[in-house]
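Asks: Take a look at this one; I'll ask things after.
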Amino acid sequence: MLTDAPILESERLRLRSLLLEDAPLIYEYMRDSEIAANTLNIPYPYPEGAAEEWIQAANEANRDGKGFTFALVLKASHTFIGSIGLGVEHIHQRAEVGYWIGKAYWGQGYVTEAVRRLIAFGFDDLKLNRIHARYFDRNPASGRVMQKAGMTYEGTLRAHYLKWGDFLDAHLYAILRKDYEARRS
Ligand SMILES: CC(C)(COP(=O)(O)OP(=O)(O)OC[C@H]1O[C@@H](n2cnc3c(N)ncnc32)[C@H](O)[C@@H]1OP(=O)(O)O)[C@@H](O)C(=O)NCCC(=O)NCCS
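Counted the way this note's numbering counts, the sequence shown spans residues 36 to 220.
And the structure:
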């Protein structure tokens, strides 16, 4: 079993473990409430110390084999732009993908590129059988990322989350190993 986040590459991105030196840009990106508003566990306002704690916890989870959290870095400029992660449930050979990037980088296809690379990692290296993702109804851009990365809509979880005082619907997408292999052959 792989236990550390490896370095993965795609056309424009390098996916590597988070480093403490990524913290200043994490604080800058988290000043935008839209990232916290559309994700499950990011607080807003983003408190002092949260980035360092998150980096440490993510790297411990990587080492414990519970998941893989990667920094997304532009290969051309070495700029840290956001993060993508896989939470792995080994007993079911499945994982959930989650992601965010700084607002200045939205709409350029970066997260779709990263999700495609992570799906390949999940099936080819981790030998998973299923990779799924969920997004809040109010965040269709994330749904579009899932579609473009080859995931299939499986249903809507009604009022599944209580977020900042509102019950939110979440849409579920997934890709199975057999879909991935069929697409490659
Ligand atoms: C959602 C998010 C990850 C998208 O990242 P990104 O790199 O901008 O995504 P991409 O450029 O790869 O693709 C975005 C797609 O959504 C589309 N889109 C953008 N706003 C949209 C909207 N309001 N309605 C429908 N589609 C929308 C874009 O046009 C693009 O699709 P296209 O290539 O067919 O034109 C990014 O906005 C983000 O980090 N948001 C905050 C955190 C978050 O929402 N995380 C996901 C939690 S599930």
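Think of the CB as a built atom: it goes at the ideal place given N, C-alpha and C, for glycine as much as any other residue.
Locate the beta strand (DSSP E) running through Y208, then write down its first and last residues.
Replies: From DSSP, the beta strand (DSSP E) with Y208 extends over 201-211.
Asks: Spatial neighbours of H206 within its chain, please: C-beta separation below 7 Å, excluding the five flanking residues on both sides.
Replies: Closer than 7 Å at the Cβ level, and outside the excluded window around H206, lie R169, Y170, D172, G178, Y188, T191.
Asks: Return the chain-ordered list of same chain residues with a C-beta closer than 6 Å to the C-beta of Y208, the five sequence neighbours on each side being excluded.
Replies: Result list for Y208: A168, M181, M186, Y188, in chain order.
Asks: Where are the beta strand (DSSP E) runs, 3 residues long or more, that stay fully inside the stretch 38-117, in chain order?
Replies: Segments of the beta strand (DSSP E) lying fully in the stretch 38-117: 48-52, 102-109.
Asks: Given this structure, state the Cα-to-Cα distance separating Y134 from N76, to the nearest angstrom.
Replies: Rounded to the nearest angstrom, the two C-alpha atoms are 11 Å apart.
Asks: Can you tell me whether G142 is helix, strand or coil according to DSSP?
Replies: Looking at G142 - three-state DSSP - the assignment turns out to be coil, as it is neither helix nor strand.
Asks: If I'm right that R26 touches F158 with Cβ under 8 Å, what's the distance once you round it to whole angstroms?
Replies: Because the chain is modelled from 36 through 220, residue 26 falls outside the range shown and cannot be assessed.
Asks: When we look at the beta-carbon of L197 and count the other beta-carbons within 10 Å, is it buried (16 or more) or exposed?
Replies: Classification of L197: exposed, given that the 10 Å Cβ count is below 16.
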